[in-house]
Each structure stands twice: as C-alpha cells, then as structure tokens.
Amino acid sequence: MRFCFPKYTLGLGIIGCLKITSILVGREPSDVTALFPCPEKATQLSFVAENKYQVCDYTGRVVSEGEATTNTEGRLVVPFVSPAGYHEVVFISEGEAQATGMWSPPAGEMPADAYMSIDTAISWLTKPADRPVLVRNLKNVIGPGGLARERLSWSDINPQDGKWDWETARGYETTRRLYVEAGIPVLEMFHNVPGWMGRSQEGNFPDDLVAVSREWSEVARRWSGFWGGLEVWNEPDIGLGGNQPSDQYVPIVKAVRKAMTDVGVTTPLGAGVFASFNPLYLELAARNGLLDECDFLSFHYYGNPLGIEPLVAKYRAWLASANQETKPLWMTEVGMSRAGKSGVRPPVGEQMETALAYGMQAVEAKACGVARFFPFVYTEYSEHEERRHFGMLDHRHTPLRVLAASAQAGRVLAGLAYVGDIPAARVRGAERVRVFGTDTDDSALVVVYTGRVAPGATVELPFAGTSAQGADGRKLKIGKEGVSIPIDDGLTYVKVPRAALTDMLDTSTEAMRLYQLSQQVPSSIPVAAAIVLQPQIDREAMKAISVRGYFLKEKDDTVTVRLGVNNLSDVKRTVTLRVAGVQKNTVMVPAHTRVIAPLEITVKALPGGMGGDDRRIDISATSDDGSRIAPVALVVIPDAGANGVAEHLAQSKYQFGLTVSEAYRWDKNAAGTLTFGHEPPAEWGYTVTFPKGVDRWAYPRFTLPQEVDAKRVTGVLVRARCVRPGTVRLMSWDDKDKSSVTQFPIIPADGKWHVAYIPLASYQQAFAGPAGEGRPITRISIGFNSAEDTNTLEISDLYMIGK
C-alpha cells in the first residue's frame, strides 16, 4: 500500500505524519511599552507574526522558502509540492530543533515482502491518544508483509492466578486492535512474569511452569489473532534474564510452546532474543534443547553495519553445531544510538550519520539472509540516564531522517534476492558494493556504501547506471555517461542493466554462502513435550550464579540438583531420570503437577566444559508413554582451591603474566580516595575510603603491555582477596574504550585468598568491528562495589591466558 501526498498543506495538528507547533511560537510583541498595563484595565496586546519558513531536503539544502499564511481556522499553511524523498519544514523563528519532518516514498507500489518490519513499542512509549495515527502511519514505513514488534507486561494483565486485565492503564488490547485495523500483525514479546508464580533460583524466570502453561494458553487463545509472531523473553543473556545461565531460560520457552500447542495456535515462536553472541551461553542453551522449541531464532545488534556479516556467520556456525544451520534468523532490534537530549530534535548532520548506519544495516542483513529486520525504535526513546537516544520520530511524532533511510531500504530491497558483490576495489572510495536482483528482471540494484556522510562526494562506477536514489529515496542526477554517482549520504542505490555486471559480479562471497543457507527449508522441530524439566541448585551450595553457570563453594565434592519434573499434560506420567546416561531416579508425576526429584552428583567425576575450569552436568529423561522429553544441561564451576593458579597454567596453551607491581600502568578510578599498598603474599593492592552517601565503587585500570598477544587470549586468571564485604568484578576495555564487566562476582569478598579464571566469552558483549571479531583488550581492572565505606583488595597473581 502506497501513502504519499503530491501537495502538502501544513497546519496545527497532524496531516499525514506532519505536525506543526503552536501558532504563537515565534511571535514578537509590536510594542513593548504595552507590556506594563495598568491593573484591572482591559488591554490589547499586538504581536508581529514571524511566519517565514524554509523547506529543506535530506542533506539540509533549502529547496523552497516563503511566508506561511493563516487559514480561517487560525492555522499556518505552507504549500509544497513534494518530490520523492525526505524534507523538513523549518520556521525561521524556531530553528532546526523544531523542524517538522516528512517523507514521500518513491512512486510505485511496494512489492509484498516480509523483510522490513519495525520495533514500535508504542504500548510502553506513547500515550494511548497518540496511537491511532502512529499505527496508521506505519504502512508508510514497513509496507505490506511487515510486523510491528510490541511489548507486553504479563504481570500487569495477569495480576493473580486466573485473574485478567487485558487492557490495563497501557491500553494493551485496544492498541493491538488498532494494528489489526491497519492490517499490521504484531510480533508480541514479554520479559516479566506475575509475582504470584514465584522465581526460579531467585532470579527473573518463573518458578511455577505449570501455571505458565495454563495462563499462556489463555493469552494465546485470546490474542493470537493479533499476532504474526511471539518472542519468549527479551535479551535473557544479560540483565533482563537476571544474569542467570540459559538452563533457567529454556524451560519457560518449552512451557509457552506447549501452551500454544494445546490451544491450536500456530503463531511462529521465536526464542533466543540474544543481546550479544556469548558462546558459553549459547552452547548451554543448545544443550538444553532451545533450538528444538522455536520456529525462528532472534538476536539484536547495535553496531557497525559491516559487523553484521561475521555476526550472522557466527550464529550460523552455532546453529550448524546443533544440526539447525538453516533455521530462520530474525534481527528484532537493530540500530545505533545517538547523543543529544530528550525532546530536542537532533541536528541534520547527526541525523544523516545515524540514518546511514540504519540504512546499511538493513542492506547487510538482507544480503546475509536475515529473514526479518526490525529497526529500533519507532518513537522517541532515551536510556542510561539519557546518555543514549533512539527514535525514528521526534518528540512530536514527525519523521527523522533515520525513518526515511530505513523505510527506503525496505522499499528498494523488497522482492529482491542477493546476487553477489562488486569488489570494493573496483569502486574507489567504496567500503562495500552489494548487488540485488531477480531472475525475471533485466536490471539489478547496486548498493554502494562508503560509510561516510560527505556533501558533494561522488564515486566512479566501472559500468553505467540508469538511475540512482539517495538514502531517503530522492532521485539523484548521474553524471559522466552514467558512471559518476553522487554519494553525499554515504549510501546510494543505483539501477544497472544486469548484463553490464557479468564480468565483475562476485558470487562466491561469504554473504552468498549465508544467503543460500537462509533459502533452504529449515529442519522441522519436534512436537512440544508435555514433560518439562527444570533444574535448580540450592543457594547454600553456591557462592555465586551467573550467565556462565553456578560457582560452587570451597571443597564441594558433591552437588545436589533439585530437578523439577513438570507434567503439563492431562495424564499422570512416570519419568525416569539419568545423569550422563546413568539412571538416578524415577518419579510419578500427576497431571498438571510438578514433582521435585533430587539428584546427588559427584563434581570431580563430571566432564569438562567450554569454559576451561567448568564441569558439565547432562540430565536426560524418558516417559512411560515413550513421548519426547527435552534434556537438561548445567554448568558448575568448582572452587579452584590453593593450587588453582598452577593447574590453570598447566592447562593453558598461552600465558602472559602481568607485572602488577609496575605502578605506572595503573590509574586510579574510584568514587572515593584510593591508596595503593599491599602486604605479602600480595604483589599489588589498594585501599579505598568512600565519602558518606556515594555509590561505593573502585575499578583502578591496568594498561596491558603491548607484548600481550590479544588474539590468543581467552580469559583472565587471578588470585586475589577482598577484605570486607562487596562484589568483586572484572572489567575490561577495548581499543575503542568500550567496556565490559562481569555481572557476577569473580571471588567471594570474605578476606580469604581465592583463584578465579574468567573466560572473556562469559561476560564480554560482542565488540562488532568491521571484521566482526572481538576488539583487543587494552586495559583490565579487578575492582569492587563495596558494601562498606572502606575496603581493600589485593592481588598475588594476574595472567592473560589462552585455553
């Protein structure tokens, strides 16, 4: 469906997707002496109207100007015949910060295409009164076939067992009906649970899976007509998952899938929803059967567009290791943050930089075979104390350039397949040149990307183009017999005769391998299981829990796993449990009931895992009716003990001892007064005294010697002690000064010496450089968040090692 205006009339309120501020803005009093009237005496105040306006294009160039008139309703009217592309109206008295954006799609119907969708989140980010026009305008952004990603607070709609509030103050059901009326299916997503269900392992995931299945059957029965997809949870691999391992996440996916199956709902179910590529978390998720429970795998990305290809390759490699290499991939949050302030429209240059990233992210994901692409986020949104800003609309719901670039990418790529690359070396100044087309079209779409917004820039193609469009879809003038292409935006779409590319099209790219995998029929997933296993370890047996696994206490030779056996069916079942293939327990589980089966496991007999110092627990089960039961897998990390350093070094293929006593490599980084000092056996240490009332943290940074071979490093080995209570963590910084920190304590803060090995993959988010590999670590810190006003930490051994 196409939606555009050949001529715009602007006024107060919304016309299409346009909005103008109050008519009184920009008025100057004609006589300032009248501003001191006598009390209680009627006074007439006169103002000089400042109605001068400019209409600017995508690059900020003025294309029209004049003085707005006032109509009979008292609204300002600006006539403008809009060519294709992005424009904004700027009233001189208001300036750029109050500009009004508009976007005219290029002429022609957009082919039905499921690729371009959008993360809207209007259930959480907007007032109900604003939503009807916001939903209607989505057709201009995603076109036919796209989805709108929404958010649901399950705890709000299901506050008590069997009690429902489908509307709530957020207007959930009314909003979803708006989507249905607009012909836009919803990708539903939730990441909380009602408190009455309890919390597994005292984390974020529900304890009562029988209730999960029962209540989600009701949600699916009532709302599935709104849905085009359902994601179970959001970013479970980081804070929203309570910093727990994936063995706690996968059971809720299984329970929700069983609930939907029981009521005959076939909505595609997505799982993963990963914030970053964490090999340890993913490997454990696969061992718990995650990929057998979902129709598509979803993940998020906020980084350099050229990092998408290697990231998709990593996910495909992981899927291949679990025999699910062709499973559809959805990128359900993609984008890049910007600086600025809430309620302030970003300047033109900053908009163009952000729009360039969004446009090329869409191109790269399409070339790499991503099935659905959701730029983040439709409406204005800020986070991290307003240091990071997002939004395709400004605070008045008028379009920013990032909306135009995202919508244009979806429109121009619709219905096309990736067919190869033109080697970037053949187009001077280009970083990447992707080519798309169809078997029935004699022309091809060549996407040229320089990665730089540069007014007046051009590139010379080794072939002649027939037409060109900017990042926003505006028509560009081609020079020099069709080979000189304007590329002010850093991204230009060029139509080229397919025959002209015959001798230079590279079809053997990594993207082509990934794209071809995406075109294969995915492996079928098994029937939803009625028995769902749910592992738990008593807190008394652990010193910490993290996304990596369970850190066991000192000298623990055995650990007891309390395995919840949840029967989500209407018939009682007898279930036999095995650990590493050895029968351990048999339990009878009544219908719609959970039975706890304790399994005592000898830790030293367990096989090693991916982390280097961890141990794997593999639990399988069979039912008396022969039906499938998905396995359970856990990771435990035993305490290293006094000989932990020597044992780790003996197992390491690479080791580099850091001379922590080199004082010049340290810088003080703390919220209090930090003093370096230590006593044997420590080689280095510090004491911090915090003022009253401050956030008590200390993370002094150590600059690594340049001799450290970052490519071989897989983790950090440390022997340390923290004297007083607190949370001891490892932080690291890459060569772009981006930091990562463990969400779990690396050692207990009990005054004793402890050894810890921390794999980089257990806490680092994927640093997405152009090559897609993790950036080299340049600085590290063993620091703490202290529970007391004074605390001390000492280190005797610190190594960068490769397992």
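In terms of the working numbering, the sequence shown opens at residue 6 and continues consecutively.
Cβ coordinates follow ideal geometry from the N, Cα and C atoms, glycine included.
Just so it is clear, the structure is predicted and the values come from calculations on it, not from any experiment.
Item                                                                                                            : Value
Thr-797 burial status per 10 Å Cβ neighbour count (16 or more: buried)                                          : buried
Nearest residue (CA-CA) to Met-812, options Ser-513, Ala-89, Val-261                                            : Here the chain covers residues 6 to 808 and nothing more, so residue 812 does not appear.
Identified DSSP bridge partners for Ile-763                                                                     : Val-721
Ile-483 classed as buried or exposed, judged by whether at least 16 other C-beta atoms fall within 10 angstroms : buried
Which of helix, strand or coil DSSP assigns to Pro-315                                                          : helix
Assigned secondary structure, Pro-540 (DSSP; H/G/I helix, E/B strand, else coil)                                : strand
Which of helix, strand or coil DSSP assigns to Asn-197                                                          : coil
Pro-256 (DSSP reduced to helix, strand or coil)                                                                 : helix
Sufficient close CB pairs (3 or more, under 8 Å) joining the segment 377-391 to the segment 75-83               : no
C-alpha distance - Pro-42 paired with Cys-61, whole-angstrom precision                                          : 41 Å
Whole-angstrom distance between Arg-479 and Thr-463, CA atom to CA atom                                         : 16 Å
C-beta contact flag for Asn-309 and Ala-362 at 9 Å                                                              : yes
Straight-line gap, Phe-4 to Val-339 (C-alpha atoms, nearest Å)                                                  : Here the chain comprises residues numbered 6 to 808, so residue 4 is not present and cannot be evaluated.
Rounded straight-line distance, which links the Cα of Gln-59 to that of Ile-97                                  : 7 Å
Three-state class that DSSP yields for Tyr-184 in the structure shown                                           : helix
Selection from Asn-145, Arg-724, Met-805, His-597 that minimises the alpha carbon distance to Ala-216           : His-597
Bounding residues of the beta strand (DSSP E) (the contiguous stretch that carries Ile-624)                     : 620-628
Nearest-angstrom Cβ-Cβ length linking Leu-183 and Ser-122, presumed shorter than 8 Å                            : Contact doesn't hold; Cβ gap of about 17 Å is too wide.
Buried versus exposed call for Tyr-286 [16 or more other C-beta atoms within 10 Å across all chains shown]      : buried
Alpha helix (DSSP H) segment containing Trp-689, residue limits                                                 : Careful: Trp-689 lies outside any alpha helix (DSSP H), inside the beta strand (DSSP E) at 689-694.
Residue(s) in a DSSP beta bridge with Arg-578                                                                   : Val-594
Coil, strand or helix - Phe-468 by DSSP                                                                         : coil
Local Cβ density within 10 Å of Phe-556, reported as buried at 16 or more and exposed below that                : buried
Gly-277 in three-state terms, based on DSSP                                                                     : strand
Three-state secondary structure (DSSP) of Ile-811                                                               : A query on residue 811 cannot be resolved here, the shown segment of the chain reaching from 6 to 808 and no further.
Counted within 10 angstroms of its Cβ, other Cβ atoms place Ile-601 as buried (16 or more) or exposed           : exposed
Neighbour-count burial assignment, Val-30, 16 or more Cβ in a 10 Å radius                                       : Per-residue confidence for Val-30 stands at a pLDDT of 40, beneath the threshold of 50, marking its modelled position as unreliable; the derived number appears in the next sentence. So Val-30 counts as exposed.
Sequence-distant residues of the same chain with beta carbon closer than 6 Å to Leu-408, five excluded per side : Met-397
Beta-bridge partners of Gly-234, as assigned by DSSP                                                            : Leu-192
Coil, strand or helix - Trp-335 by DSSP                                                                         : strand
When Gln-521, Thr-692, Ala-469 are compared against Ala-505, the one with the closest alpha-carbon              : Ala-469
Supposed contact pair Gly-617 and Gln-848 - C-beta distance, whole angstroms, cut 8 Å                           : Not covered by the structure: residue 848. The range shown for the chain is 6 to 808.
Cβ contact (3+ pairs, closer than 8 Å) linking the segment 707-720 and the segment 742-751                      : no
Start-to-end residues for the alpha helix (DSSP H) that takes in Gly-369                                        : The displayed chain sequence assigns Glu, not Gly, to residue 369. From DSSP, the alpha helix (DSSP H) with Glu-369 extends over 353-372.
Cβ-Cβ separation, Ser-222 to Asp-170 (assumed contact under 8 Å), whole Å                                       : Contact flag wrong, Cβ pair sits at about 18 Å.
Coarse secondary structure for Val-261, derived from DSSP in three states                                       : helix
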